[in-house]
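Here the structure is laid out as structure tokens; the discussion comes afterwards.
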Amino acid sequence: LRTGDWMQRAVGPRYVRLRKRIEEGIENGLLAESAPLPAEREIANLTGLSRVTVRRAMQDLVDRGIVIQRQGSGSFVADGTPRVEQSLSRLTSFTEDMNRRGLESSSEWLERGVHTPSPEEVMALALSSGEAVARISRLRMANDRPMAIERASLPIDILPRPQEVEASLYEVLERDGNRPVRALQRISAINLDSADAGLLGVEPGAAGLRIVRTSYLSNRRVVEFTRSIYRGDAYDFVAELRLAN
Ligand code: 16G
Numbered sequence: 010l011r012t013g014d015w016m017q018r019a020v021g022p023r024y025v026r027l028r029k030r031i032e033e034g035i036e037n038g039l040l041a042e043s044a045p046l047p048a049e050r051e052i053a054n055l056t057g058l059s060r061v062t063v064r065r066a067m068q069d070l071v072d073r074g075i076v077i078q079r080q081g082s083g084s085f086v087a088d089g090t091p092r093v094e095q096s097l098s099r100l101t102s103f104t105e106d107m108n109r110r111g112l113e114s115s116s117e118w119l120e121r122g123v124h125t126p127s128p129e130e131v132m133a134l135a136l137s138s139g140e141a142v143a144r145i146s147r148l149r150m151a152n153d154r155p156m157a158i159e160r161a162s163l164p165i166d167i168l169p170r171p172q173e174v175e176a177s178l179y180e181v182l183e184r185d186g187n188r189p190v191r192a193l194q195r196i197s198a199i200n201l202d203s204a205d206a207g208l209l210g211v212e213p214g215a216a217g218l219r220i221v222r223t224s225y226l227s228n229r230r231v232v233e234f235t236r237s238i239y240r241g242d243a244y245d246f247v248a249e250l251r252l253a254n
């Protein structure tokens, strides 16, 4: 234990100093957004620090979202995309989530209109035959950085005029007394295909999260069936767990 304490004191300041030097390099523009960083071994050679110290400083930078590491291609200065904590137990909207964090939310429209439903939409929304579907698909941004792609489908009587949705879908639903009160959400890990990666501004194959949400009114009617693709490097999902009894 004593040795451990001594090690921590001796190693700590060095990795903190290295971390601060790299942070300064980023702040004063010496290291640009998305710029590759030298390999750990190279940094160790350049600075005369041990690999352990370098690795610890790098891990700190990764934990703080300042540096990102990509399997097989090394470390890069992060591109300024915010990393946000998302509660897994609250039924909130993207706009609310971003505003609560002091981030400015915006969207780029991919689709907004009335359509003949796909078989999947008929099932998910429990549509009767001949019923149309409102589709709104958006690239969702925080401080102008792409965070997620959301493709929402709603029964046409819930959202008769999809073009009325400007900033927030839930705001329109709330206005009409149709804000969902319950939702079921499934989150799966994926590698982004090139189309989605292009929209989200990352490399094809980068980590993403596929989130499928089905939302309900208090009378159990389905209001929304949304397939989303979230950037894997922009989200931490957080839930409070309790001992079951
Ligand atoms: C959230 C929801 C989405 C909903 C949207 C409405 C997921 C994982 N989350 O992003 O289902 O459509 O909020 O946001 O799908 P808005 O009110 O800002 O348009």
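Under the UniProt record's numbering, the residue at position 37 of the sequence shown is numbered 46, and the numbers go up by one with no gaps.
Glycine residues also receive a C-beta, built at the ideal position from the N, C-alpha and C atoms.
{"query": "What span of residues does the alpha helix (DSSP H) with residue 68 cover, start to end?", "result": "60–72"}
{"query": "Rounded to a whole number of angstroms, what is the C-alpha to C-alpha distance between residue 213 and residue 75?", "result": "21 Å"}
{"query": "Which residues in the same chain as residue 224 place their Cβ atom closer than 6 Å to its Cβ, once the five residues preceding and following it in sequence are excluded?", "result": "189, 192, 232 and 233"}
{"query": "Please write down, chain order preserved, every residue whose beta carbon lies under 5 Å from a heavy atom of ligand 1.", "result": "102, 103, 104, 161, 177, 178, 179, 220, 222, 235 and 237"}
{"query": "Would you tell me roughly how many angstroms separate the C-alpha atoms of residue 157 and residue 168, rounded to the nearest one?", "result": "22 Å"}
{"query": "Is the stretch 237–253 touching the stretch 191–205 in the sense that three or more CB pairs, one from each, lie closer than 8 Å?", "result": "yes"}
{"query": "Could you tell me the boundaries of the alpha helix (DSSP H) in which residue 178 lies?", "result": "178–184"}
{"query": "Buried or exposed for residue 66, going by 16 or more other Cβ atoms inside 10 Å?", "result": "buried"}
{"query": "Name the one or two DSSP bridge partners that residue 192 has.", "result": "224"}
{"query": "According to DSSP, which residues form a beta bridge with residue 215?", "result": "Its beta-bridge partners do not exist; DSSP assigns none."}
{"query": "Examine the Cβ distances between the stretch 34–44 and the stretch 79–89 and report whether three or more of them are shorter than 8 Å.", "result": "yes"}
{"query": "In the structure shown, what three-state DSSP assignment does residue 9 receive?", "result": "The structure shown does not extend to residue 9, since the chain is modelled only from 10 through 254, so no value can be given for it."}
{"query": "List in chain order: all unbroken alpha helix (DSSP H) runs of 4+ residues lying wholly within the stretch 74–144.", "result": "103–109 and 128–134"}
{"query": "Helix, strand or coil: how does DSSP classify residue 263 here?", "result": "With the chain covering only 10 through 254, there is no way to say anything about residue 263."}
{"query": "Could you compute how far the alpha carbon of residue 20 sits from the alpha carbon of residue 229?", "result": "For residue 20, the pLDDT reaches just 47, beneath the cut-off of 50, and the residue's location in the model is therefore unreliable, although a value from the coordinates is still provided. About 58 Å."}
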